[in-house]
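2 protein chains.
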Amino acid sequence: MRRDIFQAIADPTRRAILSLIALQAMTPNAIAEQFPSSRQAISKHIKILAECQLLEQQQHGREIYYQFNPTKMKEIDKWLEQFRNMWESRYNNLDNVLNQIKSKTK
Amino acid sequence: MRRDIFQAIADPTRRAILSLIALQAMTPNAIAEQFPSSRQAISKHIKILAECQLLEQQQHGREIYYQFNPTKMKEIDKWLEQFRNMWESRYNNLDNVLNQIKSKTK
DNA sequence: TATATTTGCAACCGAACAGTTGCTTATTTA
DNA sequence: TAAATAAGCAACTGTTCGGTTGCAAATATA
Numbered sequence: 001m002r003r004d005i006f007q008a009i010a011d012p013t014r015r016a017i018l019s020l021i022a023l024q025a026m027t028p029n030a031i032a033e034q035f036p037s038s039r040q041a042i043s044k045h046i047k048i049l050a051e052c053q054l055l056e057q058q059q060h061g062r063e064i065y066y067q068f069n070p071t072k073m074k075e076i077d078k079w080l081e082q083f084r085n086m087w088e089s090r091y092n093n094l095d096n097v098l099n100q101i102k103s104k105t106k
Numbered sequence: 107m108r109r110d111i112f113q114a115i116a117d118p119t120r121r122a123i124l125s126l127i128a129l130q131a132m133t134p135n136a137i138a139e140q141f142p143s144s145r146q147a148i149s150k151h152i153k154i155l156a157e158c159q160l161l162e163q164q165q166h167g168r169e170i171y172y173q174f175n176p177t178k179m180k181e182i183d184k185w186l187e188q189f190r191n192m193w194e195s196r197y198n199n200l201d202n203v204l205n206q207i208k209s210k211t212k
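Dropping the structure here:
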């Protein structure tokens, strides 16, 4: 049972749940109402998100409010770091080309 | 056959391939040598990465050099954008708490 | 031209995934 | 206390995934 953050955000429904929760903490029932799937299907997704700590729970009587944990999401951002300078430098290269064209037309 | 960029980076082997290719364009054989799996297994991963345009190919005779396409990776970064202000503001909140403690001890 | 090398494609296999249905537990409310 | 509500757990199902093996196509080399 592979359970890392990259696998967690691979599923479109789970990404949608994260976007929802990020705006406001919600109960499983309230979340499930936003999707065509059954409550149990959504509950499974929530379980996976909670297992890799993208969600945290807060119990209120028989209701459980799930809220988004942004610090965990930073791991994705951290992984992207190794590529970020590449797409930035590609822009720099484009800038250089544009500058060369400019200097030629002058 | 779901084939989006999030699903592409969900697999650890594919993430490793991307990190490799990002440093330098490589042929499938050269990539496969870096992994314990068979050439065909790696070739499948490459196919998936190429299908969602994270890799671009450059044919040289019978050899194919695959190179990383950083602009496509930006889509992940773009999706993260909706959460980025959250982990930044959480730091801000932490700063506020620390400042309050500081001001009390003064 | 015959042989070796590089690559891609197809078929198959076991494991994991996403979903459903049915049931139990715990808390709230009438 | 009895009924209703919220949530989690277990078993089952069809599909996808990651891997393997075997083979064909294209290019390079002897």
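So the protein sequences, as listed, match chains S and B. Okay, so the first sequence: first residue is 1 according to the numbering used here, each after it adds one. Okay, so the second sequence: first residue is 107 according to the numbering used here, each after it adds one. In this text, a Cβ means the ideal position worked out from N, Cα and C, and glycines have one as well.
- Per DSSP, the beta bridge partners of F68(S) are L55(S).
- Residue burial annotation: R39(S) is exposed, with fewer than 16 other C-beta atoms found within 10 angstroms of its C-beta.
- At a Cβ-Cβ threshold of 8 Å, L54(S) and Q34(S) do not count as neighbours.
- Neighbourhood of I9(S) in chain B, by CB distance below 7 Å: F112, in chain order.
- In this structure, the beta-carbon distance from T71(S) to H45(S) does not fall below 8 Å.
- In the structure shown, E75(S) falls within a helical segment according to DSSP collapsed to helix, strand and coil.
- In the DSSP secondary-structure assignment, M132(B) is bridged to Y172(B).
- Bounds of the alpha helix (DSSP H) holding F112(B) are 111-114.
- Going by C-alpha positions, K47(S) is about 43 Å away from Q164(B).
- Spanning the alpha carbons of I137(B) and H166(B) requires a straight line of approximately 16 Å.
- Annotated as proximal: I115(B) and R121(B), with beta-carbon spacing under 8 Å.
- Residue contact with chain S for F189(B): present (Cβ-Cβ distance below 8 Å to some residue of chain S).
- With fewer than 16 other beta carbons inside 10 angstroms of its own, P36(S) counts as exposed.
- Of all residues in the stretch 58-88 of chain S, only F68, P70, T71, M73, K74, I76, D77, W79, L80, Q82, F83, R84, M86, W87 place a beta-carbon less than 8 Å from a beta-carbon of chain B.
- Beta-carbon to beta-carbon, M86(S) and L186(B) are separated by about 16 Å, too far to satisfy the 8 Å threshold.
- Not one beta carbon of chain B lies nearer than 8 Å to the beta carbon of S37(S).
- Taking a contact as a CB-CB distance under 8 Å, the pair Q173(B) and E162(B) counts as one, their CB atoms being some 5 Å apart.
- For S19(S), the chain B residues whose Cβ falls inside 7 Å of its Cβ are Q188, in order along the chain.
- In chain order, Y171, Q173 place their CB closer than 6 Å to the CB of A131(B), counting only its own chain and leaving out the 5 sequence neighbours on each side.
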